[in-house]
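Below, the structure is given as structure tokens:
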């Protein structure tokens, strides 16, 4: 039975959370996820408590869970059954990113690498990978205990000539005995925080190891029987335009990690903020109000609730566009437009991955603090989640590093301003010299988008102009690129990305049919867009979008108002995004709103413990006491 | 032997790091810390590796270390031997906050509570506490396994009348058998992240427990033999003016935690940034440059290096002022001026604790990301440190919560603007209506302080004016206080605090004699002050300090310049703040600059592990393979 207080908050909403969930996620997705959850609940291996596992225990349980999922046969090629793939991915990612990494990195990412870069001669291996008869890994994240094969990127030297980076697939262990092959040493990287303790990241050393020629992943290149290197790629850039796409697969998945982090943070902290009561207009415990009533608490938490929903919508749209792009690549298309598409996908994924993961990690930190001391307990899951999500900021390239991909592509467009035309139209707004702020419209999102257009346009001009100056002063390209990052290229990439995110969510809303759902989603987007823009307020002043204190004060006022408008909707919004309690696994965030009951239930498991060192302590105190009396 | 590269960076400095260390910390402090470190190195119980301990192992080792320190007799009353106390505190805090908490919370904080609120009848107990014959704890952080006595704050009801919150000291266990006394249940709170896993925070339940009257800590109040409540405090506010001081003891210690977090973050990340080389102006591994050369990397890390030094100087000054105040309290002074002093100490500690701990946690996050994937390994210590420091943000009241103490006190001064006179003079600048920005001076710190004065003054006026409006619209005091926090009272408290921090460090610099040291410390303060102010840029525009983009752009330019000026000094500055390698305990941050050697040395400990579940995996793969062939 739910706590009366949480139900009171649920009743404040103007909409039905199930309808909103269906509109945002799609009915089929919601249904399929529920099926996966039910399956997991029925298997004891997926049950867990709040105990911290050792490295050994952790990895064993992840192995057992991985085995169970493989046995179920749920995991299939994403392109053959996209809906099922997404339902499984999302559920596992929310359940435990470690288990999910083991499954998807093996089967999907590394398998896909062999499939996409390999040829007929790798067909048998691909089948074995897909059927889980071998365990494939990749050098940088070599699965130290379980890998039988690895994908390695290495410089290919033929006849003394370096032909550049190539992919290889190399068998490293016997899949029966699990002994490493001659010349190969594999080790683990030791302890890691959070769920990553359960993932056996390792290192690998090759010393005079001889692999057969078939190890070369030879799509588009090969070594002839007489030892000559041949390639069908006309240029390095043509080769790159294929691999750019591959990179975005991972980034799209990581954007979803950011979304999931915001989902957990806001679910746990907002539900707990209703159970937790502190102070009130009058003295006495009975007058204490739920901390969610405090405007500051709302200001700290609601933006991440809005982020959870908006990043989901953006990411889903992006996946659709990306799938369209991948289909064309797989069909073998080689057009100028597709190469432009590839570049745009790359620019956007390189910007959205940092924006989403920073927000995700930030949300978990804020949620922990907003929950006070109890947020710090392991059973809140907020700490573990922070550890789980922390490396999302350095996965596939440190965030600031990959932001450069976005700004580089945008800077490359400077000369075609006025006629930029990209397949997803995310850069078209740069064609028009945007106007300064004049007045607020009736729609905050339109206002925010106008401000972003100005911001991105001027940051692009300023960054390009700085780059020119540096170049003219004699700096080389490497120096120029490094010296335009701070306050310039970094902000440019972020502004471009956030503009696209907000724009796409706005477009999604246009097609929502149920007016109560549309209405509340508009409130969510208002908050999300004002929250993001407010962080650029100083730069808006610097670029001259507005002057005078009034603009900034009004922007903040609108932001405070947008926060306040979420309050009555907040609990139902949380219900619309929250994973099942079994997946959520947080004593503070359970859907029944009975946080303190769950906390005390857990606490009572540790009643009157007497660890062995207490004897030692008692003796020590007694010795001190005797000594004092002498 | 150090890596040649780190030595090259060391030689760039314009000063001798030992001289700077002595100037900032004091020669005696440096010497005493080295003594403590040497003592710890000589004891095997203080040696550690990079293994993650279980809850049980962790607590046992903390107990053993605590015992060793007690046996050494190093731990004494702070007021009888301040220098030794600080050297021990700082070394233990850097070594492991868990061990340090166990020692200081027992002996210092809880012992001090009994001493300060108790009377003659508690003398024997105080002696036992000081001699470590009993283990004292406090209800909120009850040491679940080891506490024999606890300090409890509870409502005192006498003859049906509630006389308010009072302190009690209650025996909860027999110090011989460690069995709980009748009516008392004690339990643990389960797992916690980082070093706090080693601290046995617990919960306690009293059911019909009868404690003797002597349990009441009866300084200034008592219950007469005929059961009447008497108090010598004339008013609640008089009583409070005593306890306000006690609260700041803890906060001062927590400010130092923020400083220590910045110290670790910048030491580890900056040293690693020299060992780690990536890309370069030309292709080829030999042309790769240390990542510290990247302006963005410098921009991300150097501000926290400057924070480590400036917070230390500020905190040290604050401790001196606070000690002066405490001496007067202990002498029994009861003047209007002392009560004003108490309030000012409270306002400043309530502001500085959030500012310092936020910076500390932020620095560890940034450092981890700036170290890339390897920063994520347990052996970097950055993750553990983040877990260790995370709760510093909610200790003694969640940061936003206690910031209200600062703004409340400042708001109380609004009516006396023009004649504010406090013992530490931290609020005097509010007396003068500050002028807007006109031009930059030759000293960035003066410019920053001017801007802060304007900011704090106007935020105070705006917050007070908002409060009035809300009051006039019929809101009660509780609602008013809550509704003026966002963008107003919060920023006010921070601006006041940061102004004081910068101001005090500037004053400290005036007395530094060695000109090379003074020169580099000025660079450090320039960076610290510009870094802090830049975060208020939007609010500076809103309050009307400046208009037009030029001011903001110039402020950012000065900030970038201040960052660049630190680069040649950075490695020597790190040496001046870095704890001994034994205390630092980071494979990435060792003083020899050989991060990769240390990492590989640790990695090799995990070579060719074959956990038992690998057999299970081999069988599983074989089964899949046989099944596929059928």
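Protein chains in written order, with this note's numbering: chain H, 1 to 630; chain Z, 1 to 630. Glycine included, every Cβ here is placed at the ideal spot set by N, Cα and C. Note that the coordinates shown come from a computational prediction; the quantities given were computed from them, not determined experimentally.
query	result
Taking any Cβ of chain H, which residues in the stretch 594–620 of chain Z have a Cβ under 9 Å from it, in chain order?	599, 600, 602, 603, 604, 605, 606, 607, 608, 609, 610, 611, 612, 613, 614, 615, 616, 617, 618, 620
For residue 6 of chain H, is the classification buried or exposed, using 16 other Cβ atoms within 10 angstroms of its Cβ as the cut-off for buried?	buried
Does the beta-carbon distance from residue 288 of chain Z to residue 298 of chain Z come in below 8 Å?	no
Just verifying my parser: in three-state terms, what is the DSSP assignment at residue 207 of chain Z?	coil
According to DSSP, is residue 301 of chain Z part of a helix, a strand, or is it coil?	helix
Against residue 286 of chain H, what residues of chain Z qualify as contacts under a CB-to-CB distance less than 8 Å, listed in chain order?	Here the premise fails: no neighbours, minimum Cβ distance about 14 Å.
For chain Z, find out if any of its Cβ atoms is closer than 8 Å to the Cβ of residue 162 of chain H; answer yes or no.	no
Any idea if residue 174 of chain H is buried or exposed, counting beta-carbon neighbours within 10 angstroms, 16 or more meaning buried?	exposed
Counting only Cβ-Cβ distances shorter than 7 Å, please list the residues of the stretch 435–468 of chain Z near chain H, keeping chain order.	none
Residues in its own chain within less than 8 Å of residue 68 of chain H by CB, not counting five upstream and five downstream?	43, 45, 46
Please go through the same chain and pick out, in chain order, the residues whose beta-carbon is closer than 8 Å to the beta-carbon of residue 396 of chain H, but skip the five residues on each side of it.	247, 250, 251, 254, 353, 402
Consider the Cβ of residue 394 of chain Z: report whether some Cβ of chain H lies at a distance smaller than 8 Å.	yes
Cα separation between residue 80 of chain H and residue 323 of chain H?	12 Å
Within the 8 Å Cβ cut-off, does residue 271 of chain H reach chain Z?	no
Just to make sure I have the definition right: I need the residues of chain H whose C-beta is within less than 9 Å of the C-beta of residue 73 of chain Z. Which are they?	Result: empty, since nearest Cβ-Cβ is about 11 Å, beyond 9 Å.
What residues match up with residue 137 of chain Z in a beta bridge as DSSP calls it?	Z/150
Applying the criterion that 16 or more other CB atoms from any shown protein chain within 10 Å of the CB defines a buried residue, is residue 182 of chain H buried or exposed?	exposed
For residue 122 of chain Z, name the three-state secondary structure that DSSP assigns.	helix
Please report the straight-line C-alpha distance between residue 447 of chain Z and residue 1 of chain Z, rounded to a whole angstrom.	44 Å
With respect to the alpha helix (DSSP H) encompassing residue 351 of chain Z, which residues constitute its N-terminal and C-terminal limits?	336–370
How would you list, in chain order, the residues of chain Z whose beta-carbon sits under 9 Å from the beta-carbon of residue 178 of chain H?	610, 614, 615, 617, 618
Strictly by DSSP, which residues pair up with residue 143 of chain Z?	Z/201
State the Cα-Cα distance for the pair residue 548 of chain Z and residue 430 of chain H, rounded to the nearest angstrom.	24 Å
Would you check if there are 3 or more beta carbon pairs closer than 8 Å linking the stretch 253–269 of chain Z to the stretch 447–459 of chain H?	no
Just to confirm, is the Cβ distance from residue 95 of chain Z to residue 583 of chain Z under 8 Å?	yes
Which same chain residues, not among the five before or five after residue 83 of chain H, have their C-beta less than 7 Å away from its C-beta?	28, 29, 32
Determine, using beta carbons only, whether residue 178 of chain Z and residue 610 of chain H come nearer to each other than 8 Å.	yes
To the nearest angstrom, report how far apart residue 391 of chain Z and residue 361 of chain Z are at their CA atoms.	9 Å
For residue 516 of chain H, name the three-state secondary structure that DSSP assigns.	helix
Verify whether the separation of the beta carbon atoms of residue 169 of chain H and residue 158 of chain H is less than 8 Å.	no
Whose C-beta lies closer than 8 Å to the C-beta of residue 180 of chain Z among residues of the same chain, with five residues either side of it excluded?	172, 173, 186
Run through the DSSP bridge pairs and tell me what residue 165 of chain Z is partnered with.	Z/155
Name the two residues that bound the continuous alpha helix (DSSP H) containing residue 45 of chain Z.	Careful: residue 45 of chain Z lies outside any alpha helix (DSSP H) and carries neither H nor E.
In whole angstroms, what is the alpha-carbon distance linking residue 189 of chain H and residue 560 of chain Z?	37 Å
For the beta strand (DSSP E) holding residue 549 of chain H, just list the boundary residues, first then last.	Looking at the DSSP string, residue 549 of chain H is not in any beta strand (DSSP E); the run it does join, the alpha helix (DSSP H), is 549–577.
Output the distance between the C-alpha atoms of residue 373 of chain H and residue 393 of chain Z, rounded to the nearest integer angstrom.	9 Å
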